[in-house]
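*Asks:* Just so you know, we're using full-length UniProt numbering here: the sequence shown kicks off at 1 and counts up by one. The beta-carbon is built from N, C-alpha and C at its ideal position, and this holds for glycine as well. Have a look at this one.
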Amino acid sequence: MLARLQNLVRAFTPGNRARPRYVFDETDHRVAAAGLLVYAMNVDGVQSPAEKLRLEALLQERFSLNAEETRALLAAAGERNRDVLDFNDFTGVVKRAYDAEGRKRIVEMMWEIAFADRALHEFEDNLVWRVAETLGVSVQDRIAVRGKVAARNDVALPEASE
């Protein structure tokens, strides 16, 4: 209650603009990006606390959100995930909204979720590869990003087989 009153007072203080409340709809590129991350977190059937924390941190950092806005985005992404058939409902929006570097960054964020619990499940691995392919991220970039994120999260990757 006190925080709401303080925000109201700040909104009317000269030179101080109130931060707008975000409303996330299904066409918002941030919902699509967050939807892919939620999809990645859920694909192995386990939502670890480490994955949840990493997901929140990634969204706050990437989209410059505060905690309340992040919760709203996650709620929208979670609701959208319940309505979609597969990840392709998100990739079209992401492809239209982001350039090649932005799409590569989304793939990097997906690897961050996959490696957050210090393990890589085969479903996570497969999902991120398929999403990256759908987004048009090159094989070389996929391999480089996967290795970089694995090293950053201290995850040993299996040897590549041909």
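What's the gap between the Cα of isoleucine 106 and the Cα of proline 158?
*Replies:* The count along the sequence shown starts at 1 and reaches residue 106 at position 106. The count along the sequence shown starts at 1 and reaches residue 158 at position 158. Isoleucine 106 and proline 158: Cα-Cα distance of roughly 23 Å.
*Asks:* Using a Cβ-Cβ cutoff of less than 7 Å, which residues in the same chain neighbour glutamate 122 once the five nearest sequence positions on both sides are dropped?
*Replies:* Residue numbering aside, residue 122 sits at position 122 when the sequence shown is read from its first letter. None.
*Asks:* Consult DSSP for glutamine 140 and reduce its assignment to one of helix, strand or coil.
*Replies:* In the sequence shown, the residue the question calls residue 140 occupies position 140. If DSSP states are grouped into helix, strand and coil, glutamine 140 belongs with the helices.
*Asks:* To the nearest angstrom, how far is it from the Cα of lysine 104 to the Cα of leucine 135?
*Replies:* On the sequence shown, position 104 is the one that residue 104 refers to. On the sequence shown, position 135 is the one that residue 135 refers to. Approximately 8 Å, taken between the alpha carbons.
*Asks:* In the DSSP assignment, find the alpha helix (DSSP H) that holds threonine 91 and state where it starts and stops.
*Replies:* Counted from its first residue, the sequence shown places residue 91 at position 91. Threonine 91 -> alpha helix (DSSP H) spans 88-97.
*Asks:* Grouping DSSP H, G and I as helix and E and B as strand, with all else coil, what is arginine 82?
*Replies:* Mapped onto the sequence shown, residue 82 falls at position 82. Arginine 82 falls in the helix class under three-state DSSP.
*Asks:* Quick one: give me the first and last residue of the alpha helix (DSSP H) that aspartate 125 is part of.
*Replies:* Along the sequence shown, read from residue 1 onward, the residue named residue 125 stands at position 125. From DSSP, the alpha helix (DSSP H) with aspartate 125 extends over 122-135.
*Asks:* Between the Cα of leucine 58 and those of Gly92, Thr91, Ser138 and Val38, spot the shortest distance and give me the residue it belongs to.
*Replies:* Numbered from its first residue, the sequence shown carries residue 58 at position 58. That would be Val38, whose Cα lies nearest to the Cα of leucine 58.
*Asks:* Decide if aspartate 154 is buried, meaning its Cβ has at least 16 other Cβ atoms within 10 Å, or exposed.
*Replies:* The count along the sequence shown starts at 1 and reaches residue 154 at position 154. By the neighbour-count rule (16 or more Cβ atoms within 10 Å), aspartate 154 is not buried but exposed.
*Asks:* Excluding five sequence neighbours on each side, which residues of the same chain lie with their C-beta closer than 7 Å to the C-beta of glycine 78?
*Replies:* Here residue 78 refers to the residue found at position 78 of the sequence shown. Excluding residues within five positions, the ones whose Cβ falls inside 7 Å are Val38.
*Asks:* Which word fits glutamate 51, buried or exposed, when buried means at least 16 other C-beta atoms lie within 10 angstroms of its C-beta?
*Replies:* Against the sequence shown, residue 51 aligns to sequence position 51. The residue in question, glutamate 51, is buried, as its Cβ has 16 or more Cβ neighbours within 10 Å.
*Asks:* Would arginine 71 be called buried (16 or more neighbouring beta carbons within 10 Å of its own) or exposed?
*Replies:* Residue mapping note: residue 71 aligns to position 71 of the sequence shown, counting from 1. Exposed, because fewer than 16 other Cβ atoms sit within 10 Å of the Cβ of arginine 71.
*Asks:* Output yes or no for whether 8 Å exceeds the beta carbon distance between alanine 32 and valine 131.
*Replies:* On the sequence shown, position 32 is the one that residue 32 refers to. On the sequence shown, position 131 is the one that residue 131 refers to. For alanine 32 and valine 131, no; Cβs fall outside 8 Å.
*Asks:* The alpha helix (DSSP H) that contains arginine 30, what's its start and end?
*Replies:* In the sequence shown, counting from the first residue as 1, residue 30 sits at position 30. Taken as a continuous stretch (DSSP letters only), the alpha helix (DSSP H) holding arginine 30 covers 29-42.
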